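Peer 1: What follows is a single structure, and I will ask about it in a moment.
In my numbering, the protein residues as written are 400 to 913.
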C-alpha cells in the first residue's frame with residue numbers, strides 16, 4: 400500500500416521518497432485519477448481499433464489509402480488556430496531526457512526549443528519517471544542568471560496510449576502512462592507556462608488515426624476546463640510516425656485544429672511502423688537496417704506529404720532526428736557536411752525546423768537554414784507539381800540492398816546492447832557511434848521477426864530461418880557476455896522474434912522486467 404497521501408481509489412505501489420511528495424501530491428493524484436476515469440475507456444477502445452485494423456491488413460482486407468469518408472475535410476478551407484505573435488521561431492529543437500547535464504547543454508546550445516522525452520529515449524523505471532517530473536518542475540522555476548532574455552520553448556513528449564504506469568493504480572487498474580505523464584506535468588506547470596505565454600507545449604506520439612487525435616484534443620480541452628486554463632492554451636506538435644497516420648494527416652490536424660500547431664516526422668519509428676503493419680508482406684521486406692536511408696522512396700514521399708499538409712493548413716512542419724544520427728560529435732568537417740546536407744534537403748523541401756539530439760548539431764542546422772535560398776523555400780511553399788504525393792509513393796518500400804549475415808548479426812547485437820542498457824535504466828544509448836533509442840531496437844527486432852517468419856532469402860541465397868537465428872544469437876550473446884541482464888535480454892529477444900503473433904511494442908514485454 401502507498402504511504403503517499405492519495406485520494407480514494409488511487410494506490411501507489413512504487414517506492415516512497417519524501418522529496419517526491421511535491422510531485423505526487425494529493426491534489427495532483429486526484430487530478431490524474433480524474434483523467435483516468437474520464438478517458439481510459441475511450442483509450443482502450445482506440446487500442447481495440449488498432450487491433451482490428453492490423454487484422455484487416457494481415458488478412459489482405461484493407462489497402463491503405465486516403466479516406467473517402469473524410470474527403471470533405473480535405474477539400475474544405477480551414478487552418479489550425481493561430482499562435483501568439485511573441486513566440487520564437489522553431490528552426491532547431493534538441494531532444495533528450497530530463498537530466499541536469501542535458502538541460503544545461505541544451506540551453507547553452509542556443510536551440511529554439513527543448514524536447515524532454517518521456518518516451519523512446521527514456522527507460523521508464525519508477526525513479527526515472529518521477530525524477531523527470533521533478534527536473535521539469537525545478538527547471539521551470541529556476542532563475543535565469545544570464546544577461547540575455549533567451550529562453551527556449553519547452554516541449555514534453557509523454558508516453559503513448561498503449562503503455563501503462565504499473566506503479567499507480569486507479570480503482571484497481573494500472574493507470575495509462577500517457578495520462579500519468581501528461582497529467583502530472585500540466586497540473587504542476589500549466590498555469591505558470593500560460594502566465595509566461597510559453598505553453599504548455601507537447602509532442603504527441605504514436606498516433607495512428609484521427610480518432611486518436613480526437614482523444615488527445617478532448618483530453619486537452621477537459622484539462623483546460625478542469626485547471627481553469629484559457630481554451631486552446633495547450634498546444635501540440637503531432638508526431639507522424641505511423642504508416643496509417645500519414646494517410647490521415649489533414650484529418651488529424653482538423654481534429655486538433657484548436658490545439659495542434661505542427662506536424663513532425665520521425666523516420667525511425669516510421670520505418671518500424673511500416674515493417675510492423677506489413678509484417679506478413681514480402682513487398683515490405685527491407686534489406687539490412689544500415690541500407691535504410693532517408694533516400695528511400697517511401698521516406699521521401701512521407702516527408703513531402705507532411706510538408707504539403709502543413710503548408711495547406713498553416714501548421715509548422717518539423718523535420719525529425721536522422722535515421723543515423725551520431726552519438727559523439729567530433730570536430731569532423733566531413734561528418735558535419737553530411738548532416739548539414741541532409742538538413743538542407745529537408746529545409747529546401749519546406750520544413751520549418753529540424754530536431755537534433757546533440758548540442759553541437761544546433762549550429763549545423765542554423766547554418767543549413769542560411770544556406771538554403773529563399774527562392775528554394777518559396778518554391779516549395781507554392782505547391783509545385785513535385786509535391787503531389789500519391790498513395791503508391793507512400794507504399795513503395797523497395798530499397799536497394801540485401802539481407803546479409805552482417806546485417807542480421809548487427810540487429811541481434813544491437814538488441815543485446817540496447818536492452819541491457821534499457822533494463823539498467825538508460826533509454827538513449829551510444830552503440831557503434833550512433834545514438835540509439837527504443838525505435839532502433841524496434842526496427843531491429845521487427846526485421847528479425849519478418850525475416851524469420853517469411854524465411855527471407857539472404858545475399859548468400861540461403862533462407863534466414865529459426866535455426867540460423869538461434870545459432871547466431873548464441874554466438875553474439877557469447878561475444879557480449881559482460882553485459883548486465885544478459886539472460887533476461889536473451890529471453891526477450893527470443894520471445895519477440897520467434898513468437899507466432901507479432902508483439903506490437905517491444906516495451907510491452909521489457910517493462911515487466913523493470
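Glycine included, each C-beta is placed from N, C-alpha and C at the ideal position. Note that the structure is a prediction, hence the values are computed from the model and not measured.
Which residues mark the beginning and the end of the alpha helix (DSSP H) in which residue 806 is found?
Peer 2: 804–822 is the extent of the alpha helix (DSSP H) around residue 806.
Peer 1: Check whether the Cβ atoms of residue 702 and residue 478 lie closer than 7 Å to each other.
Peer 2: Their beta carbons are not under 7 Å apart, which means residue 702 does not touch residue 478 by this criterion.
Peer 1: According to DSSP, simplified to helix, strand and coil, what is residue 754?
Peer 2: Three-state result, residue 754: strand.
Peer 1: On the DSSP bridge assignment, give the partners of residue 600 in chain order.
Peer 2: Its beta-bridge partners are 554, 634.
Peer 1: Quickly, what does DSSP pair residue 829 with across the bridge? List them, please.
Peer 2: BP columns for residue 829 point to 834.
Peer 1: Should residue 761 be labelled buried (16 or more other beta-carbon atoms within 10 Å of its own) or exposed?
Peer 2: Burial call: buried.
Peer 1: Less than 7 Å between CB atoms is the rule here; does residue 807 satisfy it with respect to chain C?
Peer 2: Here there is only one protein chain, and chain C is not present.
Peer 1: For residue 904, which residues in the same chain have their Cβ closer than 7 Å to its Cβ, ignoring the five residues on either side in sequence?
Peer 2: Once the five neighbours on either side are set aside, the close Cβ partners of residue 904 are 561.
Peer 1: Using the three-state DSSP reduction, which class does residue 871 fall into: helix, strand or coil?
Peer 2: Three-state DSSP puts residue 871 in a helix.
Peer 1: Inspect the beta-carbon positions of residue 667 and residue 838 and report whether they are closer than 7 Å.
Peer 2: For residue 667 and residue 838, yes; Cβs fall inside 7 Å.
Peer 1: Closest by CA to residue 566, which one among 487, 733, 526?
Peer 2: Nearest C-alpha to residue 566: 526.
Peer 1: In its own chain, which residues sit with a C-beta less than 7 Å from the C-beta of residue 411, not counting the 5 before and 5 after it?
Peer 2: Cβ within range, chain order: 401, 403, 405, 423, 566, 567.
Peer 1: Mapping the DSSP letters down to three states, classify residue 500 as helix, strand or coil.
Peer 2: Helix, per DSSP.
Peer 1: Do you know offhand how far residue 407's Cα is from residue 789's?
Peer 2: For residue 407 and residue 789, the distance between alpha carbons rounds to 53 Å.
Peer 1: I'd like the list of long-range same chain contacts for residue 802, defined as Cβ closer than 7 Å, with 5 residues on each side in sequence excluded.
Peer 2: So the qualifying residues of the chain are 686, 687, 850, 855, 857, 858, 863.
Peer 1: What span of residues does the alpha helix (DSSP H) with residue 568 cover, start to end?
Peer 2: Residue 568 -> not in any alpha helix (DSSP H); beta strand (DSSP E) instead, spanning 563–569.
Peer 1: According to DSSP, what are the bridge partners of residue 514?
Peer 2: Answer is 494, 554, bridged to residue 514.
Peer 1: Which value, in whole angstroms, describes the spacing of the CA atoms of residue 476 and residue 569?
Peer 2: The straight-line gap from Cα to Cα measures roughly 42 Å.
Peer 1: Can you have a look at residue 540 and say buried or exposed, based on whether 16 or more other CB atoms are within 10 angstroms of its CB?
Peer 2: So residue 540 counts as exposed.
Peer 1: Tell me whether the region 478–498 and the region 513–527 touch, counting them as touching only if at least three CB pairs, one residue from each stretch, are closer than 8 Å.
Peer 2: Touching, yes, given that three or more Cβ pairs across the two stretches are closer than 8 Å.
Peer 1: Can you tell me whether residue 557 is buried or exposed, with buried defined as 16 or more other CB within 10 angstroms of its CB?
Peer 2: Per the 10 Å Cβ criterion, buried.
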